[in-house]
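The opening residue of the sequence shown carries number 2 in this note's numbering; numbering runs sequentially from there.
A virtual CB, placed ideally from N, CA and C, is assigned to each residue, including glycine.
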Amino acid sequence: MSQPYGQQPGDFNQGHGAMPPAPPEYSSGPVTRPGTVTTAAVLAFVQAGITLICSVIMMIGLGAIAGAMDDAETIGGIDVDEGMLAGLWIVTIVGLIGAGLLIWGGVKALSGTAGQLLVIAAGLQILLCVIWLAAFQGGIVSIILVVMPIIILVMSLGGPAKQYEASRSGRA
């Protein structure tokens, strides 16, 4: 028996198959890690390494100055300001803490659970670079080193990073 209008009897989906699955951003599963998150984490590791190297060198130099000072007010005819020396120690220790936060934030970002940790670490690095720029009136190293934390900050606050983090924490 024939069907009206040339329709074939049987299953409507015959030959068409099932609907394709939804793209990952609309499914309930975790989103794959975007390249911006990986890049931000790698830049955080690089910035942390450079900061650690600079901080260790600075600590060695500050230790040598403090050891040579003892009770003298000058070293080789150069006046040493104890307040400036104390400030440099504080900035150096904060640099070490910032490097640790960058490493921790980079690891957490790769797993999708960084929260605001990487943003805080990048902000601290920017603050340190601004302090060095103010202290040394535009040191080229500070100018170069401020670029990576800015990139980390932009990538960490971007949509793909937020979406990735939300999918890993179950808020998707």
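Assigned exposure category for residue i - 16 Cβ within 10 Å defines buried
| i | result |
| --- | --- |
| D122 | According to the sequence displayed, residue 122 carries Ala and not Asp. With 16 or more Cβ atoms within 10 Å of its Cβ, A122 is classed as buried. |
| I61 | exposed |
| M156 | buried |
| M149 | buried |
| G84 | exposed |
| A136 | exposed |
| G36 | exposed |
| A19 | exposed |
| G68 | exposed |
| I104 | buried |
| G64 | exposed |
From the options, residue whose alpha carbon lies closest to that of residue i
| i | options | result |
| --- | --- | --- |
| S56 | A100, S157, G124 and V47 | A100 |
| I66 | I51, A87 and L129 | A87 |
| S170 | A41, L154 and S112 | S112 |
| A41 | D82, V108, C130 and M70 | V108 |
| F46 | Q126, A69 and L63 | Q126 |
| A49 | S168, V147, A167 and E166 | V147 |
| T39 | L119, A19 and D82 | L119 |
| L89 | W133, T114 and P21 | W133 |
| A115 | A167, P21 and L128 | A167 |
| Q117 | T93, C130, I144 and I153 | I153 |
| T52 | T33, T93 and L63 | T93 |
| V43 | L63, P21 and A110 | A110 |
Where residue i sits in the DSSP three-state scheme
| i | result |
| --- | --- |
| R169 | helix |
| G116 | coil |
| P21 | coil |
| P161 | helix |
| P150 | helix |
| V108 | helix |
| T52 | helix |
| V32 | coil |
Contact test: residue i Cβ vs the ligand MG heavy atom, cutoff 8 Å
| i | result |
| --- | --- |
| G159 | Absent from the structure shown: the ligand MG. Ligands present: none. |
Counting beta carbon pairs with one atom in the segment 49 to 65 and one in the segment 155 to 170, are three or more of them shorter than 8 Å? The way I'd put it, the segment 155 to 170 doesn't touch the segment 49 to 65; fewer than three beta-carbon pairs between them come closer than 8 Å.
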